[in-house]
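I have placed the structure first, in the form of structure tokens, so that the comments after it can refer back to it.
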Amino acid sequence: MSGLLDARTIRELAAKLDLRPTKQRGQNFVIDPNTVRRIVALAEVEPTDVALEIGPGLGSLTLGLLEVAAQVTAIEIEDSLAAELPTTAATRLPGAEERLTVINADALQVTELPDPLPTTVVANLPYNVSVPVLLHLLARFPSLERGLVMVQLEVADRLVAVPGSKVYGVPSVKMAWYCAAKRVGTVPPSVFWPAPNVDSGLVRLVRRDPPATTATREQVFAVIDAAFAQRRKMLRATLSGLAGSSAAASAVIEAAGIDPTLRGEVLQVEDFARIAEALATVSGDASSGSA
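Structure representation (structure tokens):
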């Protein structure tokens with residue numbers, strides 16, 4: 001039997017591995033080949049691409065990527081799934097296993113990948129780790145130029161939210177540091193086994209340069225985290241801990257050209273970068289003055 005996995009084959013593979021999908025791992029396997037091809041098409045995977053997949057599971061999306069991409073690197077945390085994936089590739093797409101690299105690891109712990117380095121990330125991500133995994137990969141692997149991820153619809157909306165939106169928050173701003181993010185589709189529960197309780201969203205990512213700033217990413221992200229820790233409070237209050245006091249925070253925010261009575265939810269990533277830069281300048285002046 002060759003080609004992409006269908007519902008019957010997915011269940012047969014699961015039975016062979018004595019696999020019972022768990023909510024803890026966010027295991028919902030795609031059982032519809034048309035959905036797989038749609039994801040690969042929307043990801044705009046090219047024959048020259050090296051695709052990175054996170055949590056390949058039983059291999060539904062892996063096979064779809066192998067049909068198009070030059071190479072696929074798949075990171076799978078489950079030992080049994082990681083061990084079976086090359087066999088599935090060899091059985092369904094003979095010869096394709098030679099273009100597949102499987103890494104048996106937690107994606108959040110992966111800091112190096114073998115050559116050739118990935119150019120695109122395409123993945124069906126469990127909702128509970130989707131944002132940390134994405135941010136980790138984008139930080140560690142600048143070779144990733146673009147991607148398409150399938151996540152819980154609520155998470156998709158957070159990733160693509162713009163300032164002023166009710167769901168705009170830390171994931172929205174941190175993603176904007178790395179990428180332009182756009183929701184390009186939804187996926188119903190019926191294409192998964194077991195079927196989740198919610199729709200999924202497809203988010204396309206295109207890498208862009210971070211804001212021009214002398215502040216480090218860590219400094220900017222610290223400001224973002226603080227600003228949304230109490231999202232109903234004004235910036236001068238939420239950033240008082242970083243600045244030392246509310247008055248000091250006001251001075252720093254004003255130095256960045258921003259109204260300290262605003263809330264974090266109306267700021268763009270460039271605004272947070274300016275605040276972080278002003279904060280770093282003030283901290284640097286203070287330390288040099290005390291020397």
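Everything in the sequence shown is counted per the working numbering, starting at 1 for the first residue and increasing by one. For glycine and all other residues, C-beta sits at the position ideal for the given N, C-alpha and C. Remember, predicted model here, so these are calculated numbers, not experimental data.
query: Distance CB(V252)-CB(L279) smaller than 7 Å; result: yes
query: When A276, A69, Q27, E84 are compared against V292, the one with the closest alpha-carbon; result: Because the chain in this structure spans residues 1 to 291, residue 292 falls outside the shown range and cannot be described.
query: Through-space distance from N128 to R158, alpha-carbon basis; result: 13 Å
query: For L262 and A82, the rounded distance between their alpha carbons; result: 48 Å
query: Three-state secondary structure assigned by DSSP to I39; result: helix
query: The stretch 157-172 in contact with the stretch 98-109 per 3-pair CB rule at 8 Å; result: no
query: Reduced DSSP secondary structure (H/G/I, E/B, other) of A82; result: helix
query: Residues of its chain near A74, where Cβ-Cβ distance is below 6 Å and the 5 sequence neighbours each way are ignored; result: E53, P56, T62, V102
query: Per-residue burial, Q230 [other beta carbons within 10 Å of its own, 16 or more giving buried]; result: exposed
query: For Q71, the first and last residue of its enclosing beta strand (DSSP E); result: 71-76
query: Extent of the continuous beta strand (DSSP E) to which E53 belongs; result: 50-54
query: Beta-carbon gap between L138 and A43 smaller than 7 Å; result: no
query: Closest residue to A96 among V72, L113, I77 (Cα-Cα distance); result: V72
query: Neighbourhood of S287 by C-beta distance below 7 Å, restricted to the same chain and skipping five residues each side; result: Because S287 sits at a pLDDT of 45, beneath the cut-off of 50, its placement in the model cannot be relied upon, and the following sentence gives the value as read from the coordinates. Nothing listed; no residue qualifies.
query: Whole-number beta carbon distance between G64 and V40, since they are thought to touch under 8 Å; result: 5 Å
query: Cβ contact check for the stretch 208-226 and the stretch 267-277: 3 or more pairs under 8 Å; result: yes
query: Opening and closing residue of the alpha helix (DSSP H) in which V223 lies; result: 217-229
query: Distance, A247 Cα to T112 Cα; result: One point to set straight first is that residue 112 is Glu, not Thr, in the sequence displayed. Their Cα atoms are separated by approximately 44 Å.
query: Residue from P21, V121, L13 whose Cα sits closest to the Cα of A195; result: P21
query: Pair within 7 Å by beta-carbon distance, V203 and A180; result: no
query: Straight-line gap, L5 to V184 (C-alpha atoms, nearest Å); result: 24 Å
query: Cβ-based burial, G201 [other Cβ within 10 Å; buried from 16]; result: buried
query: Terminal residues of the beta strand (DSSP E) in which L4 lies; result: Per DSSP, L4 belongs to no beta strand (DSSP E) and is neither H nor E.
query: Start-end ranges of the beta strand (DSSP E) lying completely within the stretch 117-201, minimum 3 residues; result: 120-124, 146-152, 179-187
query: Span of the beta strand (DSSP E), counted from its first residue to its last, around L100; result: 100-104
query: Whether G264 touches F221 by CB criterion (7 Å); result: no
query: Integer Cβ distance of V223 from I258, believed to fall under 8 Å; result: So it is not a contact: roughly 11 Å between Cβ atoms.
query: Distance, K174 Cα to P132 Cα; result: 10 Å
query: Local conformation of R274 per DSSP, three classes; result: helix
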